[in-house]
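Participant: According to this note's numbering, the stretch in the sequence shown is residues -19 to 944, in order.
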Amino acid sequence: MRRWGIRKKVLVVTLVPTLLTTILLGLFFTYSWVNNIESLLQDRGQSLSRQLAAGSEYGLFTANRSLLNSLSNALLEEQDVRSITFFNGERKRLLHTGPGSADAISPNDLAAEGPWRIFRGDSTLFVTPVFLQDLMIESMLDQGAGQPVNGVQEPLGWAAVEMSHIRTEKETYKALLISLILVLGGVILSLIIAMRLSRAFTDPVFELNEAVAKLKEGKLDTRVYTSAGPEFEQLESGLNAMAEELSMAQAEMQQNIDQATEDLRETLETIEIQNIELDFARKEALEASRIKSEFLANMSHEIRTPLNGIIGFTELLMKSPLPRQQRDHLSTIRKSSEILLTIINDILDFSKIEAGKLILDRVPFQLRDIVEDVMVMLAPAAHGKNLDLVPLVYNDVPDNIMGDPLRVKQVITNLVNNAIKFTQTGEVVLRASLEDEDQENNKVTLRISITDSGVGLSRAQQQSLFNAFNQADASTARQYGGTGLGLAISKRLVEEMGGKIGLQSELGKGSTFWFTLTSELSSSGDTSAPQDTLRGERVIYLEHQKTTGLAVEHMLKEWGMTVDVVASPGAMQEQVEEAQRSQAGYALAIIGITRHLLNSSQYCALARNLELERDCRTLLLTPTLDTHDTPLSGLASGHITKPVCRNALYDELLLLVHGINDRQQPLHEQQAMPFWQPTGTVPRVLAVDDNEANLKLVMTLLNDCQVNAEGASSGFEAISKARNNPFDLVFMDLQMPGMDGVETTARLRAMDNKTHRTPVIALTAHALADEQDRLARQGFDGYLAKPISSGQLVETIREYTGYSCEISPQPHPIRVPEIRDTSKALRPSTRKLQQQCVSVEESIQLAAGKADLAEELFSMLLEQLSSDADKVQSFWKEGNLDPLLDCVHKLHGATRYCGVPELRAAANQFETALKCSSSDMAYHKDQLLAAIERLQVWGDQTDWQAQFRQQSETGTAGSGNTLG
C-alpha cells in the first residue's frame, strides 16, 4: 500500500467499509425475510390442519362424504392449499380433494400421537388426527373437554392438508432480488461518492505534477491554480513562487552563460594560437631530438672508429714479445681506451633511456651466475686496493627467474664498481635475499644490496646522487673518474624493471646501495645436478678476511660438509695432527690469505707440512694475481682466486677430496691446442672500411683466422671486387664518403642470384633507435658494434660460413685463469696417522753411517720408482701375478737399504698378500702405489741432496723432513 496512489487509497478507504456493511446488511435482511416466509407457511399449514380436523369430526364419525367434501372445497379456496385428504380410523383414504394423489402417504405414517409434517420436494403435508369430542354444552365450556379421556384413545381418522411451496419460492426469489438490487445500488452509490471524493484529491495533485513536469522541461512560465481548498492553495502559491524564482535565476544564469561563452570563445582563440605555437615548438623539439640522436650516433661512430683501431692494435701489440716498459705503456693505453669506451656507452645508454627506446628482454636466467660474473670481472680492481670483495646469496633466493639478465648485470656492475671506486680500505659485500614471495602468481621480490666501508655520503649528497651527470663531490670526478651517469642509468633501469632503488649512508661510515627486483619464476626450474657428493666430509678452514670466510663457510655447510674454523696457521697444524692421531683426519685444509701473505714463510711451512708431512690436501684461496708463480701456490694441491664461485669451488673440492675431475675439458688441453683448428672450406671474406686503421685491424684479425681476406676502402671498390668473384662474407662499414654502406649493400643484393647470396655484416658504432631492425630492413644480415674483438669475428665467420677456427691466446699481462694439469686424479688426504715417508737418519744408518752412499742408494730408489709403478699397474691389469710378485719383491728389497718406512711397509704387506692370494690384494696394491706417489712428491718438493750432505758434514744423524 505504500506505493499506491492517492486515488487508489481513497477508493479503498471509501468502498471497503461501505461494501462490507451493505453486503452484511443485505445478507441479514434477506435471511430474515426468507425465514419469515417459511415460518408463515408452516404456521398457516398447521392452523388450517387443526381447523380441518376440528370441522371434520362429525363427518368422519358419521362417514358423511358430502360433508367432508364441502369442507374440502371450502378449504381449497385458501392460498397455498394444494389438496386435502381424509383417512378413516382404519387408516384408509376416505376422501381426496385437489391435484395429486394421496397414495404417497403410507398408512404407517399415520400416527395417533398428534399432528406432524411430511416434507416433499415442492410442498409440505400437514397431518392431524381427529378424535371424538364431548358435545355437551358444559363440556364445550371446559377447555379440556375436547381431549381424549385417556392417552390410549384411538382417533376417528386423519385430516391431511398439502401446502404448496410455489408462492413461497416466489416470495423468496423476490426477497433475494430486492436485496441484491439494494446492495448493488448501495455499492454503486458508494463508488460514485468515492470517485468524486478521490477526484477532489487527485485532480489537484495531477495538476501540480503536470506543472512540476513543465518546470522540469524548462517551461518556467508555467503557473497552477486548482481552487481545491486552502491546503492546495498554499502548495500552489509555493510552487508558483518557486517557478518565478527559477525563471529569474534562469535569466541571470543565461546572462552569465552568454558572458562565459564570450570569454571562452576568446580563450579558445588564444589556446588555438598557443597550440599552433606549441605545434611549431614540438616540431622544433622533435627536430632537435632527431639532430641530437643523429649527432650522438655520428659522434659514437666517429669516436668508436679510432677507438676500434687503438684497442685492436693495442691487443695485437700485446700479443707480440715486447720489453716490460713497453708492455706497461700499452697496458695504460688499453685501459684508457676502455675507460673512454665505457663513458661513451654510458652516454648512449642514457640517451636510449631518455628517448624511451629502451626495450627489456624477458628470458630465464640464473641470478647467482650473474652475481659471480660481476664479482670475477671486478675482482682485480678490488684486490688491487686490498679490498675484500664478497658475494652473499642466501639459500632461499630462487635461481630460476625471468627478466633481462644483461640489464640486471649492468645495474649490479655499476653499483659494485662505484663501491670499489669510493672505498679505500675494508670490504665490499653484495647480499641477495628474498624480500617477498607471491605463490599464487608465481612471483618473487628480491632485494640486492651492496655495502662498502668507503667515504660515505651526507644527506645533501644523497638527495642529488641519482641525478644525471652528478657526483657526490665534484672533486671525485678527477680523483675517481666517471661521468656521473652510472647511478642515473641504474635508477632508470630498475624502475623500468618494476623495482625500487635507494641507499643508506652516513658520512665517514660507508654506504649501502640497494634495489629490488620483482620477477616471475621460470617454469623450467633448476635443472642442475644436486651437489651432495661432499656430504659428511670434514674440512678445516683458515681465513684472514672475515666476510669471505662467512661466505665460504656458508657454501660448505650448504653442501653438507662439517667445517672447523681456526684462527692461525699453528692452530690449523695442531688440529690436523690431533685429528690424524684420533684416526679421523680432515678431507681438506682450506687456507684463505691476503696478497701480502703470499710470500709468507709461515704459510709456506704450513702448506709444506700439510701436503708433505701430513698428506693432507690443501686448497689455497687468494686474491686475483697477475701471476701464480708464488712459492705458496706451488705447494698447495689446489688454488682458487677470490671471490669464490660456487661451481668452481665445488669442482675443486671434488677433485681434491675424491679425485673426481668434473670439468668438461682440462685447461691444459685448451692451452695445448694448436694455433689454428679450421674446419670446413676456407671462405672468401671482404672487409670494407674507409678508415685505413680500422681496415688494417680487420684485415689483421681476418688473416689470423686463416681466411682468404680482401680489403676495400670504398663502396665502389667493394662492388668492383664482388663482380669479379663473389665473396662468402662481407663486413661493411656504414658511413663512407661517396657510396655509403647501405647503398653498397643494396647493389650487392642486386648481384645475388638463386644459387648464391652474400651475407653482409654491418660494422658501425650506431647504438640508438632500434639500429639492428633498421639494418635488417636495409638488407644487412647481422650487426657488429665497434670496437670489434677477435672472438666476435671468429663467431660471426663460423655462423655465416660454417668455417671454424680458434685463435690461440698468446702470453700477455692480462690476467688469465690458472692453468693446471687436472687430467690425473689427486690422491685423497690421509685420514689416519701413518709411518714416516722418508727418514734421512735411518738411511745413513742402513748405509753403515756413510751419507754419500745413503744418498746414492736413495737416488737409485727414486729413479726406479716410476718404472716400478708402471709395471705394478700393468701387471695388475693383465692379471699376471707372478711377474707382479717378482717386481714387488725387488722393490721391497730396495727399500730395505733406504730410510723409507712407509714404502717398505706397503711393499712388505703387498708381497705377503700376493704370496697368500689374500682377498685384500687390491687394497694393498693401492696402498703401495700411494706410498710410491708420496715418495715421488717428497723427492720433487724437498732438497734431499742437501739434507744428506748436511748430515755428512756434521757427522750427526739428523732427521730430515718426514711425511706422516
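All C-beta atoms, glycine included, are put in the ideal place defined by N, C-alpha and C.
(1) I need the straight-line Cα distance from Glu557 to Val435, nearest angstrom please.
(2) Do the CB positions of Ile3 and Thr152 come within less than 9 Å of each other?
(3) Whose C-alpha, out of Leu321, Leu709, Thr776 and Asn397, is nearest the C-alpha of His736?
(4) What's the call for Gly879, buried or exposed, on a 16-neighbour Cβ count within 10 Å?
(5) Got a sec, what are the start and stop residues for the alpha helix (DSSP H) Met382 sits in?
(6) Nearest-angstrom Cα distance between His145 and Leu169?
(7) Assuming Asn49 is part of the alpha helix (DSSP H), what are its boundary residues?
(8) For the 8 Å Cβ check, are there 3 or more pairs between the segment 494 to 505 and the segment 380 to 390?
(9) Note down, in chain order, each residue of its chain lying with its Cβ closer than 7 Å to the Cβ of Met120, except the 5 sequence neighbours on either side.
(10) How long is the line joining the alpha carbons of Val129 and Leu160, rounded to whole angstroms?
(11) Who are the Cβ neighbours of Arg314 in its own chain at under 6 Å, not counting the five residues just before and after it?
(12) How far does the alpha helix (DSSP H) with Tyr630 in it extend, from its first residue to its last?
(13) May I have the straight-line CA-CA distance separating Leu74 from Val14, to the nearest angstrom?
(14) Would you tell me roughly how many angstroms separate the C-alpha atoms of Leu629 and Thr513, rounded to the nearest one?
(15) Taking just the CA atoms, how far does Thr(-6) sit from Leu21?
(16) Taking the C-alpha atoms as reference points, what is the distance between Ile520 and Pro371?
(17) Let me know the secondary structure DSSP gives Ser846 once reduced to three states.
(18) Is it buried or exposed, Asp732, if we count other Cβ atoms within 10 angstroms and call 16 or more buried?
(19) Assign Arg270 to buried or exposed, taking buried as 16 or more other Cβ atoms, counted over all protein chains shown, within 10 Å of its Cβ.
(20) Going by beta carbon distance, what residues of the same chain come within less than 7 Å of Ala887, once the five residues before and after it are set aside?
(21) Hey, out of Gln916, Glu891 and Arg914, whose CA is closest to His904's CA?
(22) As a quick exercise: from Ser854, Pro717 and Thr425, pick the residue whose alpha carbon is nearest that of Val377.
(23) Could you pull the start and end residues of the beta strand (DSSP E) that Ala412 belongs to?
(24) Short of 6 Å in beta carbon distance, which residues of its chain neighbour Val545, apart from the five on each side in sequence? Order them along the chain.
(25) Could you tell me if Phe260 is buried or exposed, where buried requires 16 or more neighbouring beta carbons within 10 angstroms of its beta carbon?
(26) If distances are taken between C-alpha atoms only, which option among Asn397, Val740 and Ala742 comes closest to Ala361?
(27) Is the number of C-beta pairs between the segment 186 to 198 and the segment 213 to 229 that are closer than 8 Å three or more?
(28) For Thr148 and chain B, any beta-carbon pair shorter than 9 Å?
(29) For the beta strand (DSSP E) that Gly572 lies in, which residues bound it at each end?
(30) In the DSSP assignment, find the unbroken beta strand (DSSP E) run with Met712 in it and report its ends.
(31) Strictly by DSSP, which residues pair up with Ala670?
(32) DSSP three-state call for Lys150: helix, strand or coil?
(33) Excluding sequence positions up to five away, which residues of its chain have a Cβ less than 6 Å from the Cβ of Ile392?
(34) Please report how far the alpha carbon of Pro603 lies from the alpha carbon of Ala885, in whole angstroms.
(35) Is the separation between the beta-carbon of Pro706 and that of Thr738 shorter than 9 Å?
(36) Out of curiosity, what's the CA-to-CA distance linking Lys389 and Leu358?
Facilitator: If we stick to the structure as given:
(1) Here residue 557 refers to the residue found at position 577 of the sequence shown. Here residue 435 refers to the residue found at position 455 of the sequence shown. So the alpha carbons of these two residues sit roughly 45 Å apart.
(2) Locating residue 3 in the sequence shown gives position 23, counting from the first residue. Locating residue 152 in the sequence shown gives position 172, counting from the first residue. No, they are not a contact pair.
(3) In the sequence shown, counting from the first residue as 1, residue 736 sits at position 756. For the residues Leu321, Leu709, Thr776 and Asn397, the minimum Cα distance to His736 belongs to Leu709.
(4) The count along the sequence shown starts at 1 and reaches residue 879 at position 899. Gly879 should be labelled buried.
(5) Residue 382 sits at position 402 when you count from the first residue of the sequence shown. Premise fails: Met382 lies in the beta strand (DSSP E), Ile381 to Gly383, not in any alpha helix (DSSP H).
(6) Against the sequence shown, residue 145 aligns to sequence position 165. Against the sequence shown, residue 169 aligns to sequence position 189. If I take the Cα positions, the gap works out to 36 Å.
(7) Taking the first residue of the sequence shown as position 1, residue 49 is located at position 69. Annotation: the continuous alpha helix (DSSP H) that includes Asn49 extends over Arg45 to Leu56.
(8) At 8 Å Cβ cutoff, the stretches touch.
(9) As a first step, residue 120 is located in the sequence shown; it is residue number 140 there, counting from the start. Low local confidence applies: a pLDDT of 48 at Met120 is under 50, so the model's placement there is unreliable, with the coordinate-based value given in what follows. Scanning its chain for C-beta atoms nearer than 7 Å, with the 5 sequence neighbours on each side dropped, one finds no residue around Met120.
(10) Position 149 of the sequence shown, counted from the start, is the residue given in the question as residue 129. Position 180 of the sequence shown, counted from the start, is the residue given in the question as residue 160. Summary for Val129: the model assigns pLDDT 45, below 50, so the residue's position carries little reliability; its value from the coordinates is reported in the next sentence. Rounded to the nearest angstrom, the two C-alpha atoms are 55 Å apart.
(11) Counted from its first residue, the sequence shown places residue 314 at position 334. The residues are Thr294.
(12) As a first step, residue 630 must be located in the sequence shown, where it is residue number 650. Residue range Arg626 to Leu633 is occupied by the alpha helix (DSSP H) that includes Tyr630.
(13) The sequence position of residue 74 within the sequence shown is 94, counting from 1. The sequence position of residue 14 within the sequence shown is 34, counting from 1. About 36 Å.
(14) In the sequence shown, the residue the question calls residue 629 occupies position 649. In the sequence shown, the residue the question calls residue 513 occupies position 533. So the two alpha carbons sit approximately 13 Å from each other.
(15) As a position in the sequence shown, residue 21 is number 41, starting the count at 1. As a position in the sequence shown, residue -6 is number 14, starting the count at 1. Looking at the two C-alpha atoms, the distance is approximately 41 Å.
(16) Position 540 of the sequence shown, counted from the start, is the residue given in the question as residue 520. Position 391 of the sequence shown, counted from the start, is the residue given in the question as residue 371. Distance between the alpha carbons of Ile520 and Pro371: 21 Å.
(17) Reading the sequence shown from its first residue, position 866 is the one you call residue 846. Reduced to three states, the DSSP call for Ser846 is helix.
(18) As a first step, residue 732 is located in the sequence shown; it is residue number 752 there, counting from the start. With fewer than 16 Cβ atoms within 10 Å of its Cβ, Asp732 is classed as exposed.
(19) Here residue 270 refers to the residue found at position 290 of the sequence shown. Taking all protein chains in view, the Cβ of Arg270 is surrounded by fewer than 16 other Cβ atoms within 10 Å, so the residue is classified as exposed.
(20) Stepping through the sequence shown from its first residue, residue 887 is reached at position 907. Shown here for Ala887: same chain residues with a beta carbon closer than 7 Å to its own, the five before and five after excluded, namely Val868, Leu871, His872, Thr875 and Leu908 in chain order.
(21) Translated into positions along the sequence shown, residue 904 becomes position 924. Of the listed residues, the one whose Cα sits closest to His904 is Glu891.
(22) The count along the sequence shown starts at 1 and reaches residue 377 at position 397. Closest by alpha carbon: Thr425.
(23) Stepping through the sequence shown from its first residue, residue 412 is reached at position 432. Its beta strand (DSSP E) spans residues Glu407 to Asp418.
(24) Translated into the one-based positions of the sequence shown, residue 545 becomes position 565. Closer than 6 Å at Cβ, skipping near neighbours: Tyr521.
(25) Sequence index remark: in the sequence shown, residue 260 carries index 280 (1-based). If you draw a 10 Å sphere on the C-beta of Phe260, you find fewer than 16 other C-beta atoms in it, and that means exposed.
(26) Taking the sequence shown and counting its residues from 1, the one referred to as residue 361 is at position 381. Across the set Asn397, Val740 and Ala742, the C-alpha of Asn397 shows the shortest separation from the C-alpha of Ala361.
(27) Short answer: they touch.
(28) Checking the listed chains, one finds no chain B in this structure; it contains a single protein chain.
(29) Mapped onto the sequence shown, residue 572 falls at position 592. Boundaries of the beta strand (DSSP E) around Gly572: Leu568 to Gly572.
(30) Mapped onto the sequence shown, residue 712 falls at position 732. Note, Met712: beta strand (DSSP E), Leu709 to Asp713.
(31) In the sequence shown, counting from the first residue as 1, residue 670 sits at position 690. What sits at residue 670 in the sequence shown is Asp, not Ala. DSSP lists no beta-bridge partner residue for Asp670.
(32) In the sequence shown, residue 150 corresponds to position 170, counting from 1. The answer is helix: DSSP assigns Lys150 an H, G or I state.
(33) Against the sequence shown, residue 392 aligns to sequence position 412. Taken in chain order, the residues that qualify are Val354.
(34) On the sequence shown, position 623 is the one that residue 603 refers to. On the sequence shown, position 905 is the one that residue 885 refers to. Here the C-alpha atom of Pro603 lies approximately 42 Å from the C-alpha atom of Ala885.
(35) Translated into positions along the sequence shown, residue 706 becomes position 726. Translated into positions along the sequence shown, residue 738 becomes position 758. Contact flag set, yes.
(36) On the sequence shown, position 409 is the one that residue 389 refers to. On the sequence shown, position 378 is the one that residue 358 refers to. Between the C-alpha atoms of Lys389 and Leu358 there is a straight-line separation of about 12 Å.
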